[in-house]
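**Q** Protein chains in written order, with my numbering: chain R, 6 to 293; chain X, 6 to 293; chain Y, 6 to 293; chain L, 6 to 293.
The beta carbon of each residue, even a glycine, is placed where N, CA and C say it ideally should be.
Let me give you the structure first, and then I'll get to my questions.
Protein chains: 4
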Amino acid sequence: MQNASAILLISCPDQKGLVNIISEFIATNNGNIIDLEQHVDHVDNMFFLRVEWELKDFNIAQKNICTEFESSVAIKLNKTLNWSIHFSATVPKMAIFVSKYSHCLFDLLSRYQSNEWRFEIPLVISNHNDLAESVQRAGFAFHHIPVNKDNKKQAQTQQLSLLKEHGINIVVLARYMQILSSEFIDEFPNKIINIHHSFLPAFPGAKPYHSAYQRGVKIIGATSHYVTSELDAGPIIDQDVERVRHTDNIEDLILKGQDIEKIVLARAIWKHINYKTLVYNNRTIVFE
Amino acid sequence: MQNASAILLISCPDQKGLVNIISEFIATNNGNIIDLEQHVDHVDNMFFLRVEWELKDFNIAQKNICTEFESSVAIKLNKTLNWSIHFSATVPKMAIFVSKYSHCLFDLLSRYQSNEWRFEIPLVISNHNDLAESVQRAGFAFHHIPVNKDNKKQAQTQQLSLLKEHGINIVVLARYMQILSSEFIDEFPNKIINIHHSFLPAFPGAKPYHSAYQRGVKIIGATSHYVTSELDAGPIIDQDVERVRHTDNIEDLILKGQDIEKIVLARAIWKHINYKTLVYNNRTIVFE
Amino acid sequence: MQNASAILLISCPDQKGLVNIISEFIATNNGNIIDLEQHVDHVDNMFFLRVEWELKDFNIAQKNICTEFESSVAIKLNKTLNWSIHFSATVPKMAIFVSKYSHCLFDLLSRYQSNEWRFEIPLVISNHNDLAESVQRAGFAFHHIPVNKDNKKQAQTQQLSLLKEHGINIVVLARYMQILSSEFIDEFPNKIINIHHSFLPAFPGAKPYHSAYQRGVKIIGATSHYVTSELDAGPIIDQDVERVRHTDNIEDLILKGQDIEKIVLARAIWKHINYKTLVYNNRTIVFE
Amino acid sequence: MQNASAILLISCPDQKGLVNIISEFIATNNGNIIDLEQHVDHVDNMFFLRVEWELKDFNIAQKNICTEFESSVAIKLNKTLNWSIHFSATVPKMAIFVSKYSHCLFDLLSRYQSNEWRFEIPLVISNHNDLAESVQRAGFAFHHIPVNKDNKKQAQTQQLSLLKEHGINIVVLARYMQILSSEFIDEFPNKIINIHHSFLPAFPGAKPYHSAYQRGVKIIGATSHYVTSELDAGPIIDQDVERVRHTDNIEDLILKGQDIEKIVLARAIWKHINYKTLVYNNRTIVFE
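What follows is the structure in structure tokens.
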């Protein structure tokens, strides 16, 4: 397995010497950089950086790194510096929201069971009860929280309370057919990932495969994105497509599309839980 | 080289025995089927067929095939039968319309020079004069027909007159930045192919790469389609995409996109000049 | 749901009138063709056909269709005619062989649980016991049959006996790390589907991701194929690839590759259980 | 247009503080980093870096940068440091070698004519005379140097002399069907780019499309790589694939393949002339 490492994510207005200042902090404290990727957006004159270094032999203890970075680097730099430090030892805790379509849910549970990623799934939440049995049988907690016009607010309170109770830091909408309120989204900024079953911005909203069939497209797709208060308009993390033909009817599109959906969602989650994403101006920087 | 063959394209309401009636016409006249592909659209209850057979040893002379098919098959079938017969010996004559972007134009001229396809390019028409020299130097006729608010109708008359004079049966808009009038389009129904630089229906109209950048998509694409009077809304023939990243600025998208554009346009033309396309309900059936 | 239908698969030396003879059999018995696709291999002069028609209103009862086809069509045609008739009402029974890698197995079990396809999984067989618990917990039968140098023949007898007992008609090697004997393969000709974790013919045999890393390829892939007695050399049903970079180490390739493997395997199985494949000369004809 | 910039490429055994030392050199001389990408190969413990900075306001004149870097940075570091500095103002000079297939050649000439890239094509060399006229008509110098068993050495001397005379720094084999000698290759280490018409390592050598057809693959591909003395075994720069079906005969594979070949070759050249490639251990690091 990999050794313990720290990951620093930065976004700020570009200025000369940024890489130098940051790499100096790591070098002078005897850190070994495993991976560094920076990006300068010359249109908005913004600087983005992800750097990962080994904690072994690093002179600063893990618990003190944030304060040290704050006092010795962050204050030197532009006041608009956005930064966060993450540790590979922390295991991300993921909640999955689902309705009736199970392919994305089962794919994520399988990845857990196969030990593909380092993550935990403390709970699955659904507005329907259909998938309760199979989820529970596989050993995961399932919470049935029905949602309708009258109980929306109450359901949300119940959902949020469960998320907090379990220390959830990433929420995945695995074909969850309910719209979240702005209050809910604000609790998890850039931490809610949705999978939409089209290559956005084509076919937002309901029934994209029906619209794709109607339009006669030759490729269908799926889009994973961070959820914002505007429907299907949040920062895109990943997309992929599949070729279709006139021989494919709507059911065929749905079946083919499900395979893209689960893969594209999984790729986005993997990027997120490895701290490889930054959001700026409703777009993502996705480090490799 | 391939032997001479005939290609029959049919679309009509589905009914029992269609394949049998058509294959009987070929079999009883001693034709050998090289390729047969049919498609039934169960939503609209429509039948589509493409069948190609060798003319060698066929009992009916090429010039009589249409009348024979009409009298012995077509009249037996539903009155709404749409059919056409084409011959592999006929060389398609293509006109290319272009503005200033040259990548699609040069790609098509190169295919001609490399003998990739059986086709002729009797003329290139442009609203600008920029590409005149390189087109003429390569040995093709170039017609500069400026288009502006005042001379639109006149320019179109001039274009149409050239197309008829040269017996053009396929018009390719190789990044031609002018909108054709309905009258023009009606003269070449399903015979004008455009390349649009996005995966439609995302980003129709002008500057799709700018919009793609703005939206932060992770794939860009191109779409070739038959031109109808509604802008960028005609029947799609082919589409393809290319992965992009946050590191790609608008210029990068344009550069990467040009490679998709020329390939997707070429694939559509190839399908068309081999009589592998049918249009129904603003969608295409594309036989293999 | 779809109505009951019959599917006829044919391969034989090409001759004039084949489509006509077969479509006549269906038309005169009042059958409605849903789908017909034929292919002529002009190199080997072979004819291949898949035709599907509705059983509703068909004049011949399902149980008599084979004998009727034999007596009224097959005997008229070339003696070398290879044909089979399948019925959409028959539910395919699939056995899954697996070792320790679980991603393909879990993907197939999930498809069953999500009702994606019409099929049954009467049993899972493994040479290891690692996956017993999760398979059984999901409600499937798990048989642990250890395989080593000394008990190979005995293990195979046990496997075959289980397959027959459960009326298995498709065997899937979902990353089963044992080589099957020719005797075993002969019992299921073109009915055993393997997934190999490379784009064959590159990197056959063991550890293809290690070899891919070593060679520095920029794409990795997966191949699903029918198993023959020659290792990784059977008829290919489907393949797909994924782009990789110098930043991907062997573990990354394995992780990315697993997603391709499960999708490519699933696509091959879907084609097979819908009777869309034919094998000729160690190649497949895959109808759409 | 972009401002003038310098590009530093480095490969060396990994050690702590490398990024810091290099970024300090740029920062203290008032350079503004436009782009920095580093990669650590943890298997071989190697460090690779590409950093590009603006020359505007940089304290060291362009002509002195190499000596300054040598004396102030390189000597401080590991003796095995491999480094080179390039300037965006330098226009790469490319020679194209071609035989009879013209699609890759025409594609490159078109890119020149369309001003897609900053590069020059001072000469085209061919062992056949077939393409002389179209190359010359397009305004490029064409040199016909026949190659046969008896004159190989002499032909090579003639080729090398032309390359030196024109100050060529990149040689492109655009489907050149002759094997270069080791002596020739040694004159242009990692500066000769070949396009091979298969996804290597599958189907090296002659007639890969025939082999692909024979094997019944479902994807074909193309590979661009640096030429080494071992045939089709040099460091891969880029690869891509295209889906094929049983309906595609060898001619179809060749036609489809040509489109991949020219795009994959172009992408490799673009990476090379923008100094985005490094070679280590017969693999490439390809920066974005």
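1. With a threshold of 8 Å between beta-carbons, can Phe52 of chain R be considered close to chain X, or not?
2. Per DSSP, Ile199 of chain X forms a beta bridge with which residues?
3. Could you tell me which uninterrupted beta strand (DSSP E) segments, each at least 3 residues in length, are contained entirely in the segment 252–279 of chain R, listed from first to last along the chain?
4. Rounded to whole angstroms, what is the Cα-Cα separation between Gln164 of chain R and His230 of chain R?
5. Can you round the beta-carbon distance between Gly226 of chain Y and Asp245 of chain Y to whole angstroms, since I take them to be within the 8 Å contact cut?
6. What residues from chain X crowd round His108 of chain L, counting only those whose CB sits closer than 9 Å?
7. Whole angstroms is fine: what's the gap from Ser187 of chain X's alpha carbon to Asn199 of chain X's?
8. Using DSSP's beta-bridge definition, name the partner residues of Tyr285 of chain R.
9. May I ask you to report which of helix, strand or coil DSSP gives Asp237 of chain L?
10. Between the C-alpha atoms of Ala66 of chain X and Leu60 of chain X, what's the straight-line distance to the nearest angstrom?
11. By the criterion of Cβ-Cβ separation under 9 Å, what are the contact partners of Leu260 of chain Y in chain R?
12. Could you tell me whether any Cβ in chain X is nearer than 8 Å to the Cβ of Gln43 of chain Y?
13. Measuring only the C-alpha atoms, how far is Val24 of chain L from Lys81 of chain L?
14. Please state if the CB of Phe53 of chain R and the CB of Gln43 of chain R are separated by a distance shorter than 8 Å.
15. Cα-Cα, which of R:Thr289, R:Ile268, R:His215 and R:Ile90 is closest to Asp253 of chain R?
16. How is Ile130 of chain R classed by DSSP in three states: helix, strand or coil?
17. Which one of X:Ile259, X:Ile268 and X:Phe292 has the shortest CA to CA distance from Asn120 of chain L?
18. Taking CB distances under 8 Å as the criterion, tell me whether Asn287 of chain X reaches chain R.
19. Suppose contacts are defined by Cβ-Cβ distances below 8 Å. Is Ala100 of chain X in contact with Leu168 of chain X by that definition?
20. Would Ile242 of chain R and Ala273 of chain R qualify as a contact pair, given that the criterion is a beta-carbon distance under 8 Å?
21. Rounded to whole angstroms, what's the CA-CA distance from Asp40 of chain R to Ile126 of chain L? Just pull it up for me.
22. Taking C-alpha atoms, which residue in R:Val140, R:Ala160 and R:Lys84 lies nearest to Cys17 of chain R?
23. Please confirm if the segment 98–113 of chain X is in contact with the segment 173–183 of chain X, defined as three or more CB-CB distances below 8 Å between the two stretches.
24. Nearest chain X C-beta to Ile290 of chain R closer than 8 Å, yes or no?
25. Which whole runs of the beta strand (DSSP E) in the segment 51–135 of chain L are 3 residues long or more, in chain order?
26. For chain Y, is any of its Cβ atoms less than 8 Å away from the one on Pro194 of chain L?
27. Using a Cβ cut-off of 8 Å (strictly closer), state whether Thr252 of chain Y contacts chain R.
28. So, does the CB of Val232 of chain L fall closer than 8 Å to a CB anywhere in chain Y?
29. Counting only beta-carbon atoms, is Ile268 of chain Y nearer than 8 Å to chain R?
30. Given a limit of 9 Å on CB to CB distance, which residues of the segment 157–178 of chain R reach chain Y?
31. Can you find a CB in chain Y that lies within less than 8 Å of the CB of Arg142 of chain R?
32. Are there 16 or more other CB atoms within 10 angstroms of the CB of Glu57 of chain X, so buried, or fewer, so exposed?
33. Quick one: using the 10 Å Cβ neighbour count with 16 as the cut-off for buried, is His149 of chain Y buried or exposed?
34. Distance check for His108 of chain R and Gln5 of chain R, CA to CA, integer angstroms please.
35. Hey, quick one: how far does the beta strand (DSSP E) through His44 of chain L stretch, first residue to last?
36. Less than 8 Å between the C-beta atoms of Asn286 of chain R and Asp19 of chain R, yes or no?
**A** Well, looking at it:
1. The residue you call residue 52 of chain R lines up with position 47 of the first sequence. Not an interface residue.
2. Taking the second sequence and counting its residues from 1, the one referred to as residue 199 of chain X is at position 194. Checking the sequence shown, residue 199 of chain X turns out to be Asn, not Ile. X:Leu178 and X:His230.
3. none
4. Taking the first sequence and counting its residues from 1, the one referred to as residue 164 of chain R is at position 159. Taking the first sequence and counting its residues from 1, the one referred to as residue 230 of chain R is at position 225. When rounded, the distance between both Cα atoms is 21 Å.
5. For this step, residue 226 of chain Y is matched to residue 221 along the third sequence. For this step, residue 245 of chain Y is matched to residue 240 along the third sequence. Rounded, the Cβ-Cβ distance is 6 Å, consistent with contact.
6. The residue given as residue 108 of chain L occupies position 103 in the fourth sequence. Ser115, Arg116, Ser119 and Glu121, listed in chain order.
7. In the second sequence, counting from the first residue as 1, residue 187 of chain X sits at position 182. In the second sequence, counting from the first residue as 1, residue 199 of chain X sits at position 194. Distance between the alpha carbons of Ser187 of chain X and Asn199 of chain X is about 15 Å.
8. Translated into positions along the first sequence, residue 285 of chain R becomes position 280. The partner list for Tyr285 of chain R (beta bridge, DSSP) reads R:Arg288.
9. Residue mapping note: residue 237 of chain L aligns to position 232 of the fourth sequence, counting from 1. Looking at Asp237 of chain L - three-state DSSP - the assignment turns out to be coil, as it is neither helix nor strand.
10. Here residue 66 of chain X refers to the residue found at position 61 of the second sequence. Here residue 60 of chain X refers to the residue found at position 55 of the second sequence. Straight-line Cα distance between these residues: approximately 8 Å.
11. Here residue 260 of chain Y is taken as the residue at index 255 of the third sequence, counted from 1. Within 9 Å Cβ-Cβ: Glu121, Trp122 and Trp275.
12. Position 38 of the third sequence, counted from the start, is the residue given in the question as residue 43 of chain Y. By this cut-off, Gln43 of chain Y is an interface position.
13. In the fourth sequence, counting from the first residue as 1, residue 24 of chain L sits at position 19. In the fourth sequence, counting from the first residue as 1, residue 81 of chain L sits at position 76. Distance between the alpha carbons of Val24 of chain L and Lys81 of chain L is about 13 Å.
14. Counting from one through the first sequence, the residue named residue 43 of chain R turns up at place 38. Counting from one through the first sequence, the residue named residue 53 of chain R turns up at place 48. Against a cut-off of 8 Å, the Cβ pair of Phe53 of chain R and Gln43 of chain R comes out as a contact.
15. Taking the first residue of the first sequence as position 1, residue 253 of chain R is located at position 248. Nearest of R:Thr289, R:Ile268, R:His215 and R:Ile90 to Asp253 of chain R, Cα basis: R:His215.
16. Position 125 of the first sequence, counted from the first residue, corresponds to residue 130 of chain R. Correct three-state label for Ile130 of chain R: strand.
17. As a first step, residue 120 of chain L must be located in the fourth sequence, where it is residue number 115. It is X:Ile259.
18. Against the second sequence, residue 287 of chain X aligns to sequence position 282. By this cut-off, Asn287 of chain X is an interface position.
19. On the second sequence, position 95 is the one that residue 100 of chain X refers to. On the second sequence, position 163 is the one that residue 168 of chain X refers to. Going by C-beta atoms, Ala100 of chain X is nearer than 8 Å to Leu168 of chain X.
20. Position 237 of the first sequence, counting from 1, holds the residue named residue 242 of chain R. Position 268 of the first sequence, counting from 1, holds the residue named residue 273 of chain R. Contact flag set, yes.
21. Here residue 40 of chain R is taken as the residue at index 35 of the first sequence, counted from 1. Here residue 126 of chain L is taken as the residue at index 121 of the fourth sequence, counted from 1. Between the alpha carbons of Asp40 of chain R and Ile126 of chain L lies a gap of roughly 38 Å.
22. As a first step, residue 17 of chain R must be located in the first sequence, where it is residue number 12. Ranking the options by Cα distance to Cys17 of chain R, first place goes to R:Lys84.
23. These segments touch.
24. By one-based count along the first sequence, residue 290 of chain R stands at place 285. It does: the Cβ of Ile290 of chain R has a partner Cβ on chain X nearer than 8 Å.
25. 51–59, 87–92, 98–103 and 125–131
26. Translated into the one-based positions of the fourth sequence, residue 194 of chain L becomes position 189. It does not: the Cβ of Pro194 of chain L has no partner Cβ on chain Y nearer than 8 Å.
27. Locating residue 252 of chain Y in the third sequence gives position 247, where the first residue counts as 1. At least one chain R Cβ lies under 8 Å of Thr252 of chain Y.
28. The residue you call residue 232 of chain L lines up with position 227 of the fourth sequence. For Val232 of chain L, the answer is no, since every Cβ of chain Y falls outside 8 Å of its Cβ.
29. Residue 268 of chain Y sits at position 263 when you count from the first residue of the third sequence. So yes, Ile268 of chain Y belongs to the interface.
30. none
31. Counted from its first residue, the first sequence places residue 142 of chain R at position 137. Chain Y, which has a Cβ nearer than 8 Å to the Cβ of Arg142 of chain R, makes this yes.
32. Here residue 57 of chain X refers to the residue found at position 52 of the second sequence. So Glu57 of chain X ends up on the buried side.
33. Within the third sequence, numbered from 1, the residue matching residue 149 of chain Y stands at position 144. In summary, His149 of chain Y is exposed, with fewer than 16 beta-carbon neighbours lying within 10 Å of its beta-carbon over all protein chains present.
34. Nothing in the structure corresponds to residue 5 of chain R, since chain R is present only between 6 and 293.
35. Here the question's residue 44 of chain L lines up with position 39 in the fourth sequence. Note, His44 of chain L: beta strand (DSSP E), Asn37 to Asp46.
36. Within the first sequence, residue 286 of chain R is the residue found at index 281, counting from 1. Within the first sequence, residue 19 of chain R is the residue found at index 14, counting from 1. Contact: no.
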